[in-house]
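Asker:
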Ligand code: NAD
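In the working numbering, the protein residues as written are 747 to 1219.
(1) Would you kindly work out how many angstroms separate the C-alpha atoms of residue 957 and residue 913, rounded to a whole number?
(2) Taking DSSP as the reference, what is the three-state secondary structure of residue 1077?
(3) Does residue 747 come out as helix, strand or coil in the three-state DSSP assignment?
(4) Could you tell me the distance, in whole angstroms, from the CA atom of residue 1012 to the CA atom of residue 1112?
(5) With distances taken Cα to Cα, identify the nearest neighbour of residue 931 among 757, 886 and 877.
(6) Considering only C-alpha positions, which residue in the set 1142, 1039, 1122 and 784 is nearest to residue 947?
(7) Residue range of the alpha helix (DSSP H) that residue 1224 falls in?
(8) Got a sec? Which residues, its chain only, sit under 7 angstroms from residue 1136 by beta carbon, not counting five neighbours each side?
(9) May I ask you to verify whether the stretch 831-851 touches the stretch 1062-1076, counting CB pairs closer than 8 angstroms and requiring at least 3?
(10) Locate the alpha helix (DSSP H) running through residue 829, then write down its first and last residues.
(11) With a threshold of 6 angstroms (Cβ to nearest heavy atom), would residue 972 be considered close to ligand 1?
(12) Measuring from the CB of residue 1024, is there a heavy atom of ligand 1 at a distance below 6 angstroms?
(13) Mind checking which residues open and close the alpha helix (DSSP H) that includes residue 1049?
(14) In whole angstroms, give me the CA-to-CA distance for residue 1007 and residue 1138.
(15) Alpha carbon to alpha carbon, how far is residue 762 from residue 786? Give it in angstroms, no decimals.
(16) Determine the direct distance from the alpha carbon of residue 929 to that of residue 1134, and round the result to whole angstroms.
(17) Taking 6 angstroms as the limit between beta carbons, can you name the residues of its chain near residue 924, skipping five residues before and five after?
(18) Ignore the nearest five residues each way along the sequence and tell me which others in residue 1055's own chain have a CB closer than 8 angstroms to its CB.
(19) Nearest by alpha-carbon distance to residue 1207: which of 891, 1218, 987 and 1167 is it?
(20) Which of the three DSSP states, helix, strand or coil, is assigned to residue 1106?
(21) Would you please state the rounded distance, in angstroms, between the beta carbons of residue 1016 and residue 1188? I believe it to be under 8 angstroms.
(22) According to DSSP, which residues form a beta bridge with residue 1214?
(23) Just curious, the beta strand (DSSP E) that residue 886 is in, first and last residue?
(24) Going by the C-beta, is residue 967 closer than 6 angstroms to any heavy atom of ligand 1?
(25) Just to confirm, is the Cβ distance from residue 983 to residue 1027 under 7 angstroms?
(26) Considering only heavy atoms of ligand 1, does any lie closer than 6 angstroms to the CB of residue 709?
(27) Report the rounded CA-to-CA distance for residue 1170 versus residue 1142, giving the unit in angstroms.
(28) What are the partner residues of residue 965, as DSSP defines its beta bridges?
(29) How about residue 1130: is its Cβ closer than 6 angstroms to a heavy atom in ligand 1?
(30) Smallest Cα separation from residue 899: which of 965, 811 and 980?
(31) Looking at ligand 1, does it come within less than 6 angstroms of residue 992, judged from the CB to the closest heavy atom?
(32) When every heavy atom of ligand 1 is checked, does at least one fall within less than 6 angstroms of the C-beta of residue 892?
(33) In chain order, which continuous runs of the beta strand (DSSP E) of length 3 or greater are located wholly inside the stretch 781-818?
(34) Mapping the DSSP letters down to three states, classify residue 848 as helix, strand or coil.
(35) Judging by CA-CA distance, which residue of 1080, 936 and 747 is the nearest neighbour of residue 819?
(36) Within the present structure, is the beta-carbon of residue 848 separated from the nearest heavy atom of ligand 1 by less than 6 angstroms?
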């Protein structure tokens, strides 16, 4: 049984002033793994004070100093590969496959931040003026549980590249993963106060970050509802916000697609990270006259998906992070049934032999339509709704008929046609004939999937404030 009773402020592990504990429960067995002592408002204020103080000198560092810091952190993260993968499978229930991808993503965040520092011009000439891109100040980083250390590494590395200091609030459910990244950051031996990490609840630690006037910007990843609460609070002190929120991503399979490739990809896109992914392709749009051909392909693929122990290298779908999340997914499956959608495969309840953990049956609905809640709302579990369309125009219309716009997918054997369809989808990223991550391309949402972009120069500039010097001659 582990007890995590330290947070990290000003280069030191400190005991929080908060005295409440939160139980850490295994998603695989529902046994208690340990507990974490939660920080309170005062702890958060101390962390903000440390970051504010550190900003005075850190904001003046050169690109090569920042590159050195990023290199130091990367090399301490590199030493703990197995620990990162193991803690993610144990604490979060992330599959070994996903935890390995997630670890690579962590390392790549440092590489892309270094790459940006090598190419980005912090001083530009615009019109007759010199424009200086200056670090924005102390950044509050608030993140969810579904890829905790991945989010810490990508947001922190961008903040460091920009010359900003940070206060980070991960989910209380990720405390063991947080402990590990703190150990690596501590080992990297950066000047004190550049990063400060406070375990705690959203309504306490997150709320203080959202309202404290010494926070200049918030970089938030999480649900659309919490994103709205943060944005409303942030406006009082005119904080800048980058909000990476929910999604209900459409996946358009055009009638000329190679189904033997496009359908396995579509199932992979829907059930990635056990369905707990903001970019999951959870609305599969299929030509009406191809449904009967596609149904057996889907049934076959889903019947071969291994659900179970996340530590098994063949497992593709692990447990939901908590019983709360399990119940949410079950509720949505019931809603789909009540709405008149038909279960092609999966359904309510736990798979046989997996009754102890938060396991759900990967579920595919047919006869769904875009008015149903299962097709409109983010479920955040392995539940896919198939919607049929008659024409390409109708497919695009259905794809765009959503309050979200984070990611979309298009498959066709005609690259030009796929490109043309992709160019009409209102989403921050559109994946054509596959799934990939380009760390130099912007990532973020249209509509209620968020505000702003991460990654590449768009991501970096979200941490910078332009100052124009207009000199009269
Ligand atoms: P959540 O919104 O409930 O919580 C996210 C973080 O916000 C947590 O650290 C939480 O403690 C904190 N928080 C909660 N209430 C707060 C408040 N009042 N003020 C400040 N902070 C508060 O999300 P979750 O359940 O942890 O994660 C799932 C959600 O995250 C899904 O909706 C998913 O789509 C979204 N997500 C989005 C992306 C993206 O990049 N767009 C990536 C992953 C997850």
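Note that the Cβ used here is the ideal one computed from N, Cα and C, for glycine as well.
Since we're looking at a predicted model, the values are computed, not measured.
Answerer: Let me lay it out:
(1) Taking the first residue of the chain shown as 1, we reach residue 957 at position 211. Taking the first residue of the chain shown as 1, we reach residue 913 at position 167. Spanning the two alpha carbons is a distance of roughly 13 angstroms.
(2) Within the chain shown, residue 1077 is the residue found at index 331, counting from 1. Helix, per DSSP.
(3) Stepping through the chain shown from its first residue, residue 747 is reached at position 1. Here residue 747 sits in coil by DSSP.
(4) Working through the chain shown from its first residue, we reach residue 1012 at position 266. Working through the chain shown from its first residue, we reach residue 1112 at position 366. Roughly 14 angstroms between the two C-alpha positions.
(5) Position 185 of the chain shown, counting from 1, holds the residue named residue 931. Of 757, 886 and 877, the residue nearest in Cα terms is 757.
(6) Walking along the chain shown from the start, residue 947 turns up at place 201. Per the Cα distances, 784.
(7) Absent from the model: residue 1224. The displayed extent of the chain is 747 to 1219, so no value can be given.
(8) The residue you call residue 1136 lines up with position 390 of the chain shown. The residues are 1034.
(9) yes
(10) Within the chain shown, numbered from 1, the residue matching residue 829 stands at position 83. First-last of the alpha helix (DSSP H) with residue 829: 827-833.
(11) To locate residue 972, count along the chain shown from 1; it is residue 226. Checking every heavy atom of ligand 1 against the Cβ of residue 972, one is found closer than 6 angstroms.
(12) Walking along the chain shown from the start, residue 1024 turns up at place 278. Because some heavy atom of ligand 1 lies under 6 angstroms away, the Cβ of residue 1024 counts as near it: yes.
(13) As a working mapping, residue 1049 is identified with position 303 in the chain shown. It spans 1037-1049 - the alpha helix (DSSP H) in which residue 1049 sits, taken as one unbroken run.
(14) The residue given as residue 1007 occupies position 261 in the chain shown. The residue given as residue 1138 occupies position 392 in the chain shown. So the alpha carbons of these two residues sit roughly 20 angstroms apart.
(15) Against the chain shown, residue 786 aligns to sequence position 40. Against the chain shown, residue 762 aligns to sequence position 16. Rounded to the nearest angstrom, the two C-alpha atoms are 7 angstroms apart.
(16) Counting from one through the chain shown, the residue named residue 1134 turns up at place 388. Counting from one through the chain shown, the residue named residue 929 turns up at place 183. Cα to Cα, residue 1134 sits roughly 50 angstroms from residue 929.
(17) For this step, residue 924 is matched to residue 178 along the chain shown. Contacts found: 916.
(18) Translated into positions along the chain shown, residue 1055 becomes position 309. Closer than 8 angstroms at Cβ, skipping near neighbours: 774, 1061 and 1064.
(19) The residue you call residue 1207 lines up with position 461 of the chain shown. Taking only the C-alpha atoms, the option nearest residue 1207 is 987.
(20) Position 360 of the chain shown holds residue 1106. In this structure, residue 1106 counts as coil in the three-state DSSP scheme.
(21) Walking along the chain shown from the start, residue 1016 turns up at place 270. Walking along the chain shown from the start, residue 1188 turns up at place 442. In fact, because the Cβ distance is near 24 angstroms, the residues do not count as touching under 8 angstroms.
(22) Taking the chain shown and counting its residues from 1, the one referred to as residue 1214 is at position 468. 877, per the DSSP bridge assignment.
(23) Taking the first residue of the chain shown as 1, we reach residue 886 at position 140. Residue 886 -> beta strand (DSSP E) spans 884-888.
(24) Mapped onto the chain shown, residue 967 falls at position 221. Yes, since a heavy atom of ligand 1 falls inside the 6 angstroms radius drawn around the Cβ of residue 967.
(25) Walking along the chain shown from the start, residue 983 turns up at place 237. Walking along the chain shown from the start, residue 1027 turns up at place 281. No; because the gap between Cβ atoms is not below 7 angstroms, this pair is not in contact.
(26) There is no way to answer for residue 709, as the model of the chain reaches only from 747 to 1219.
(27) Locating residue 1170 in the chain shown gives position 424, where the first residue counts as 1. Locating residue 1142 in the chain shown gives position 396, where the first residue counts as 1. Their Cα atoms are separated by approximately 7 angstroms.
(28) Indexing the chain shown from 1 puts residue 965 at position 219. 887 and 988.
(29) Numbered from its first residue, the chain shown carries residue 1130 at position 384. The answer is no for residue 1130.
(30) On the chain shown, residue 899 is found 153 positions in, with the first residue counted as 1. When only C-alpha atoms are compared, the closest one is 965.
(31) Locating residue 992 in the chain shown gives position 246, counting from the first residue. Residue 992 Cβ: within cutoff of ligand 1.
(32) One-based indexing of the chain shown puts residue 892 at position 146. Checking every heavy atom of ligand 1 against the Cβ of residue 892, one is found closer than 6 angstroms.
(33) none
(34) Locating residue 848 in the chain shown gives position 102, counting from the first residue. Correct three-state label for residue 848: helix.
(35) Numbered from its first residue, the chain shown carries residue 819 at position 73. Ranking the options by Cα distance to residue 819, first place goes to 936.
(36) Position 102 of the chain shown, counting from 1, holds the residue named residue 848. Answer for residue 848: no, Cβ out of range of ligand 1.
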